[in-house]
């Protein structure tokens, strides 16, 4: 999937970029191997639509004036208090060169251990970094957790369903992606062992001492 977005060159940089934000624009920058960095400004609503539709691992046809380049969104600064985008980084790409990107994992299904036994689904990994050609990028990876039938079952990085053209980096194949932990009450029962009747033994020892 390729999305389209327009941008204009930006002359206001540093603290002056705040003026851009008050005009309904987002400051941005585009960079890449062998290309000159360019300071840009984006229409806020147009970027919001593209980002919500494609996320960070989708190719975007970025039109900068009369120039068209292919980019991916490499970083988005977001203000959680005001709920607005603050800045965007674009990475200009070449279609014949591999790139890296962070891809979110989407968990689907419901484990039987959660539904029937009250277990708690644990997500150990929520996103992974991949390396591939731009044309092989994926917007996300689905993880079916309904396969977790017992508390001993786990889903590892090696279980993720991906094209053989995509390489996972930064994780070992044995790294656990998801598992189901036992209910807290059941864990406590397994830890607590019956106390030995120490009092009875002490009484017996006292009686034996008294007869000697």
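In my numbering, the protein residues as written are -5 to 206. Even for Gly, the Cβ is constructed at its ideal location relative to N, Cα and C. These figures come from a predicted structure and were not determined experimentally.
C-beta atoms of residue i and residue j nearer than 7 angstroms
i	j	result
residue 97	residue 134	yes
residue 53	residue 64	yes
residue 22	residue 34	yes
residue 85	residue 122	no
residue 131	residue 51	yes
residue 99	residue 137	yes
residue 171	residue 149	yes
residue 56	residue 92	no
8 angstroms contact criterion, which residue i and residue j should meet: CB distance rounded
i	j	result
residue 207	residue 20	Residue coverage of the chain in this structure runs from -5 to 206, which leaves residue 207 outside it and unanswerable.
residue 87	residue 66	6 angstroms
residue 103	residue 174	Between residue 174 and residue 103 the Cβ distance is about 12 angstroms, and since that is not below 8 angstroms, they are no contact.
residue 163	residue 94	7 angstroms
Residues sharing a beta bridge with residue i, DSSP
i	result
residue 136	100
residue 121	98
residue 209	Residue 209 lies beyond the range of the chain shown here (-5 to 206); nothing can be said about it.
residue 170	150
Give a yes or no on contact between the segment 154 to 162 and the segment 122 to 134, applying the rule of three or more CB pairs nearer than 8 angstroms. Verdict: yes, contact present.
Curious, which full-length alpha helix (DSSP H) runs of at least 4 residues does the segment 14 to 53 contain? Inside the segment 14 to 53, DSSP marks whole alpha helix (DSSP H) runs of 4 or more residues at positions 38 to 48, from first to last along the chain.
Enumerate, from N- to C-terminal direction, the unbroken beta strand (DSSP E) stretches of 3 or more residues contained entirely within the segment 52 to 118. The segment 52 to 118 contains these whole beta strand (DSSP E) runs: 53 to 58, 61 to 73, 78 to 86, 93 to 102, 114 to 117.
Does the segment 103 to 118 come close enough to the segment 138 to 146 to have 3 or more Cβ pairs within less than 8 angstroms? Output reads yes: the segment 138 to 146 touches the segment 103 to 118.
Count the CB pairs spanning the segment 30 to 45 and the segment 76 to 89 that are closer than 8 angstroms, and state whether there are at least three. Counting C-beta pairs with one atom in each stretch, the segment 30 to 45 and the segment 76 to 89 have three or more that are closer than 8 angstroms, which means they touch.
Quick check for students: name the residue ranges of the beta strand (DSSP E) that lie wholly in the segment 139 to 164, counting only runs of 3 or more. With a minimum length of 3 residues, the unbroken runs of beta strand (DSSP E) contained wholly in the segment 139 to 164 fall at 148 to 150, 161 to 163.
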